[in-house]
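Under this note's numbering, the first residue of the first sequence carries the number 85, and numbering increases by one thereafter.
Structure record follows, encoded as structure tokens.
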Amino acid sequence: MNTKVTPSKEVLAEAARQHAILSEGTAGIYPEKGVHGKDGLFDKLVKSLMENRPLRIKLGMDPTAPDIHIGHTVALNAMRKFQDLGHIVLPLIGNYTALIGDPSGRNSTRPPLTEEQIMQNAETYKEQIFKVIQNDPAKCKLMWNGDWLKELSFADTIKLCAQVSVAQLIAKEDFGNRLANQTPISLHEFLYPLMQGYDSIAMFEREGCDIEFGGTDQTFNCLMGRQLMQARGIEPQIVMTFPLLEGLDGVMKMSKSKGNYIGVTENPTDMFGKTMSIPDSLLDRWYSLLTTIPAAERPSHPMEAKKKLAHFITARFHGETAADEAKAAFESRFSKREMPTDLPELSLPQEAFATLTDLVVAANFATSKSEARRLIEQGGVKLNGEQSKDPTAPVKLPTPFTLQVGKLKLAKVSLTA
RNA sequence: GGAGGGAUACCUAAGCGGCCAACGGGGGCUGACUGUAAAUCAGCUGGUUUUACCUUCGUAGGUUCGAAUCCUACUCCCUCCA
């Protein structure tokens with residue numbers, strides 16, 4: 085199939101150099117065996133060098149939530165490395181596939197989003213991914229899969245379906261599990277991998293598509309792209325997968341829908357604080373997937389290690405200064421237990437001060453009076469730093485005073501004129 | 001089209017006439033302690049005018065002194081067969 089021209093020594097050496105940089109931190113590269121004795125990535129690099137044509141790297145993201153999180157940055161970071169070596173990245177916003185929802189890793193059908201929600205999310209995605217990859221038109225072309233998926237006719241779709249067997253889809257773990265657990269699978273979910281695969285074809289025709297990136301949970305979907313490209317008679321992409329980052333709870337993978345994530349747009353304080361809240365057992369993992377800090381430079385004390393990690397992550401998205409400030413604020417607040425200096429201000433009408441319960445509800449720190457009462461009785465409420473356990477006591481402090489509920493909810497309260 | 005099974009609070013899952021605002025687990029929240037918002041331990045986790053009352057166990061009716069629990073109809077979901 086390939087009329088192979090033997091690559092020169094220089095080409096092989098350069099390909100090897102790039103290969104070493106680019107394959108670091110990946111979970112898998114498919115195909116594992118290439119024609120030049122290494123893997124598919126090596127082949128693509130050789131080809132790129134010989135034809136003097138940069139590689140095009142696809143990374144699809146469905147805008148199903150307003151934020152991307154630091155788990156995504158594992159792959160984005162790898163894209164950045166490709167850019168730095170002169171290749172072109174093609175971030176793909178799945179504005180059409182988001183309508184279906186990727187069934188990967190799910191055990192139930194995803195609730196549908198409206199088109200407006202999706203477009204809103206997509207807009208913020210655009211800004212966010214450029215915190216990691218370079219938004220240089222020569223090195224980056226943003227694409228939308230609605231551009232071509234919308235145009236597909238039913239006949240096209242059937243043709244596509246004919247390339248894939250049902251057995252193959254059922255063999256996919258998620259579907260297999262769901263069948264076994266008697267959880268429903270909607271037919272349209274079967275189509276998801278086909279859509280993702282078709283993206284690769286459409287992108288190939290427009291810009292080229294040499295490599296597709298994805299988390300390890302995306303392996304099946306990405307390989308579907310290879311299969312469909314082959315069936316169409318075009319050169320198939322190779323697939324590079326990346327390990328999934330565990331979320332704040334330390335068990336489940338970091339995921340927008342599970343809420344255990346750190347968004348790349350979050351403010352420095354939260355970013356630092358959330359990192360500090362990960363379980364100790366997650367430290368090594370986060371260090372290796374999110375930082376470039378060598379093992380030798382990681383503090384052995386868990387808290388120090390966590391602070392260094394939190395600082396690194398915060399600095400990446402907000403700069404050194406902001407990270408320093410976040411660290412200092414964290415230390416004063418939690419290590420030395422001082423009150424933060426910049427409290428949000430809150431002015432409330434006279435009737436909010438009738439009882440402590442009313443105050444907590446009026447400040448929006450509890451959703452019902454019963455909840456407020458519970459918090460107070462449990463000792464979670466402080467006025468000017470003084471714990472108060474009587475829910476019915478009127479609040480007679482001179483304003484402004486500080487109201488604290490739990491560790492995180494604080495405000496400086498004053499009376500509305 | 002036929003035959004079964006199911007629907008309980010954020011999730012999961014017990015309860016099968018009064019002791020049920022409803023066991024347990026998960027998650028979340030609060031506190032203690034600390035090395036941090038980690039770990040561990042303890043408490044809380046429908047609402048209100050809070051020793052009481054109100055609303056909640058798919059929906060609508062019914063039986064009963066009394067129903068999440070029994071009956072009827074309906075809706076939705078799952079499995080198998082066709």
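C-beta: ideal position from N, C-alpha, C; glycine also.
Just so we're clear, the structure is a prediction, and the values are computed from it rather than from any experiment.
Excluding residues up to 5 positions away in sequence, Asp146, Pro147, Thr148, Leu197 and Ile202 lie with their Cβ nearer than 7 Å to the Cβ of alanine 182 in the same chain.
A distance below 7 Å between beta-carbons, with the five flanking residues on each side excluded, links lysine 210 to the following residues of its chain, in chain order: Leu226.
In the DSSP assignment, arginine 316 falls within the alpha helix (DSSP H) that extends over 303 to 316. Counting along the chain, no beta strand (DSSP E) covers methionine 336, and no H or E run does either. Secondary structure of isoleucine 285 (DSSP, three-state): helix.
Going by beta carbons, cysteine 306 and arginine 140 fall outside the 8 Å limit. Contact annotation, proline 484 with valine 497: C-beta distance approximately 6 Å; criterion of less than 8 Å satisfied. When DSSP states are grouped into helix, strand and coil, methionine 423 belongs to the coil group. In terms of CA proximity to glutamate 98, Asn136 leads the group Ile113, Asn136 and Gly109. Within the same chain, Ile113 and Leu125 come within 7 Å of serine 107 by CB-CB distance, once the 5 residues on both sides are set aside. DSSP places phenylalanine 449 outside any alpha helix (DSSP H), giving it a letter other than H or E.
With contacts defined by Cβ atoms closer than 8 Å, arginine 457 and proline 475 form a contacting pair.
If you look at leucine 174, you'll find it in the beta strand (DSSP E) that goes 172 to 177. Counting only the Cα atoms, isoleucine 295 lies some 13 Å from glutamine 167. Per the C-alpha coordinates, the member of Ala450, Glu289, Ala315 and Asp408 positioned closest to glutamine 488 is Ala450.
The residues Asn305 and Met308, in chain order, have a CB closer than 6 Å to that of proline 277 in the same chain once the five nearest residues on each side in sequence are set aside. For arginine 140, the beta-bridge partners assigned by DSSP are Ile172. Taking C-beta atoms as the reference points, lysine 391 and lysine 411 count as a pair closer than 8 Å. Annotation for lysine 243: the continuous alpha helix (DSSP H) segment containing it runs 238 to 245. Residue nearest to glycine 464 within the set Leu499, Lys493 and Ala446 is Lys493 (criterion: CA-CA distance).
Here DSSP, grouped into helix, strand and coil, assigns glutamate 330 to strand.
For glutamate 470, the closest C-alpha among the options Leu133, Leu430, Met423 and Leu432 is that of Met423. The Cβ neighbour count for serine 284, taken over all protein chains shown within 10 Å, is at least 16; the residue is labelled buried. Residue nearest to tyrosine 371 within the set Met324, Asp127, Gly155 and Lys215 is Gly155 (criterion: CA-CA distance). Out of Gly170, Pro150 and Lys142, the CA that lies nearest to the CA of alanine 159 is found in Lys142. In the DSSP assignment, lysine 93 falls within the alpha helix (DSSP H) that extends over 93 to 107. In the displayed model, glutamate 429 falls within a strand according to three-state DSSP. Where leucine 253 is concerned, the enclosing alpha helix (DSSP H) starts and stops at 250 to 255. The Cβ atoms of isoleucine 177 and tryptophan 228 lie closer than 8 Å to each other.
Taking one beta carbon from each stretch, the segment 326 to 337 and the segment 377 to 391 have fewer than 3 pairs nearer than 8 Å; the two do not touch.
Membership of glycine 112 in the beta strand (DSSP E) is indicated by the continuous run 112 to 114. Spanning the alpha carbons of lysine 491 and alanine 379 requires a straight line of approximately 33 Å. Judged by their CB atoms, methionine 355 and threonine 398 are nearer to each other than the 8 Å cut-off. Listed as beta-bridge partners of alanine 495 by DSSP are Leu487.
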